[in-house]
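Residue numbers (my numbering): 88 to 267.
In what follows, a single structure is set out as structure tokens and then discussed.
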Amino acid sequence: MPGVRYFLDTEFTDLPWAPRSELLWVALVDETGQREFSAVNKDCSLDQASAFVCEHVLPKLANAPLRLSRARLAQAVIEFVGPAPKFWAWFPSVANIAAMAGSAGAARLHERFADWDYQLLRGLLGAVPADWPPACRDLHALADATGIDLPPNTEPHNPLADARWGRTVWLSAQGLLSRA
């Protein structure tokens with residue numbers, strides 16, 4: 088189905104601007120909430136994982152049943168989304184990045200890496216399908232623009248739970264939550 092919206096979240100071994108950061112886990116949920124994809128990159132070097140990832144992400148890997156090689160993961164993502172997808176993800180604020188990296192270069196890092204989930208997804212693919220958008224839409228900006236109250240995110244750092252949460256944010260912003 089062309090033009091389907093997908094809500095994206097990833098986890099990675101270290102902060103995106105770290106030299107050896109790798110995509111660890113990716114999840115996508117379609118706009119209907121009926122189709123979901125979640126898989127771990129089994130080729131990822133876990134010995135490069137940051138202390139934060141070791142504490143907050145790695146324990147959740149047991150709940151991710153699908154483990155694919157990097158090449159197979161890329162193929163599976165393309166097959167899952169189909170033609171002309173639209174992607175949405177939660178972008179961190181400058182303040183979020185400052186909390187992670189210090190305030191000195193936070194604005195520059197935000198400009199370069201705010202859409203890190205989409206950058207990691209595109210990096211996984213290598214050759215990105217021609218009908219994919221050049222950019223991902225920002226759920227954080229949408230939530231701010233519409234003034235919605237954010238729903239609780241009960242399982243942070245689990246990409247499938249976070250992608251589902253992103254869909255809920257989008258539905259709330261669209262005024263569709265009560266009809267979903």
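Backbone N, C-alpha and C define an ideal beta-carbon position, used for all residues, glycine too.
Thinking just about the alpha-carbon of each residue, which of R251, R92, E98 is nearest to the one in K147?
Within the sequence shown, the letter at position 60 stands for residue 147. If we check each option's Cα against that of K147, E98 comes out closest.
Self-check item: Residue burial classification, P216 (beta-carbon count within 10 angstroms, cutoff 16)
Solution: Here residue 216 corresponds to residue number 129 of the sequence shown, with the count starting at 1. When all chains shown are included, P216 counts as exposed.
The beta strand (DSSP E) with L110 in it runs from where to where? Walking along the sequence shown from the start, residue 110 turns up at place 23. First-last of the beta strand (DSSP E) with L110: 110-117.
**Message:** Measuring alpha carbon to alpha carbon, tell me which residue in W203, L115, N240 is nearest E166.
**Reply:** Sequence index remark: in the sequence shown, residue 166 carries index 79 (1-based). Relative to the Cα of E166, the nearest Cα in the group W203, L115, N240 belongs to L115.
* Taking buried to mean at least 16 other C-beta atoms within 10 Å of its own C-beta, is F94 buried or exposed? -> To locate residue 94, count along the sequence shown from 1; it is residue 7. Classification for F94: buried.
For P220, which residues from the same chain have a beta carbon less than 8 Å from its beta carbon, with the 5 sequence-adjacent residues on both sides left out? For this step, residue 220 is matched to residue 133 along the sequence shown. Closer than 8 Å at the Cβ level, and outside the excluded window around P220, lie P172, K173, F174.
| Counting only beta-carbon atoms, is F174 nearer than 8 Å to chain C? | Here chain C cannot be found, since the structure has a single protein chain.
Hey, L211 and L160 are a contact pair by Cβ (cut 8 Å); roughly how many whole angstroms apart?
-> As a first step, residue 211 must be located in the sequence shown, where it is residue number 124. As a first step, residue 160 must be located in the sequence shown, where it is residue number 73. Contact flag correct, Cβ pair sits at about 6 Å.
(request) Determine, using beta carbons only, whether S125 and L145 come nearer to each other than 8 Å. (result) Counting from 1 along the sequence shown, the entry for residue 125 is found at position 38. Counting from 1 along the sequence shown, the entry for residue 145 is found at position 58. In this structure, L145 does not lie closer than 8 Å to S125 by Cβ.
For E98, which of helix, strand or coil comes out of DSSP? In the sequence shown, the residue the question calls residue 98 occupies position 11. The answer is strand: DSSP assigns E98 an E or B state.
Requested in this report: Quick one: give me the first and last residue of the beta strand (DSSP E) that V127 is part of.
Outcome: For the purposes of this step, residue 127 is identified with residue 40 of the sequence shown, where counting begins at 1. The continuous beta strand (DSSP E) containing V127 extends over residues 123-128.
> What residues in its chain sit with their C-beta under 7 Å from that of R266, if we drop five residues either side in the sequence?
Replying inline: Sequence index remark: in the sequence shown, residue 266 carries index 179 (1-based). Any answer about R266 is weak, because its pLDDT of 48 lies below 50 and its placement is not dependable; what the coordinates show is given next. None.
Open item on the list: Per the DSSP calculation, A191 is bridged to which residue(s)?
Closed with: Translated into positions along the sequence shown, residue 191 becomes position 104. According to DSSP, which records beta bridges pairwise, A191 is partnered with nothing at all.
What distance in whole Å lies between the Cβ atoms of A151 and V127, which are believed to be in contact at a cut-off of 8 Å? Counted from its first residue, the sequence shown places residue 127 at position 40. Counted from its first residue, the sequence shown places residue 151 at position 64. Going by Cβ atoms, the distance from V127 to A151 rounds to 5 Å, so yes, they are a contact pair.
> Should S108 be labelled buried (16 or more other beta-carbon atoms within 10 Å of its own) or exposed?
Replying inline: The count along the sequence shown starts at 1 and reaches residue 108 at position 21. Buried, because 16 or more other Cβ atoms sit within 10 Å of the Cβ of S108.
task: Give the single residue among R251, H244, G253 whose Cα lies nearest to the Cα of C141.
output: By one-based count along the sequence shown, residue 141 stands at place 54. Nearest option by C-alpha distance: H244.
*asked:* Measuring only the C-alpha atoms, how far is C223 from D202?
replied: As a first step, residue 223 must be located in the sequence shown, where it is residue number 136. As a first step, residue 202 must be located in the sequence shown, where it is residue number 115. Going by the C-alpha atoms only, they are around 7 Å apart.
Check: What do you reckon, are the CB atoms on V113 and L208 nearer than 8 Å?
Finding: For the purposes of this step, residue 113 is taken as the residue at position 26 of the sequence shown. For the purposes of this step, residue 208 is taken as the residue at position 121 of the sequence shown. Yes. Within cutoff.
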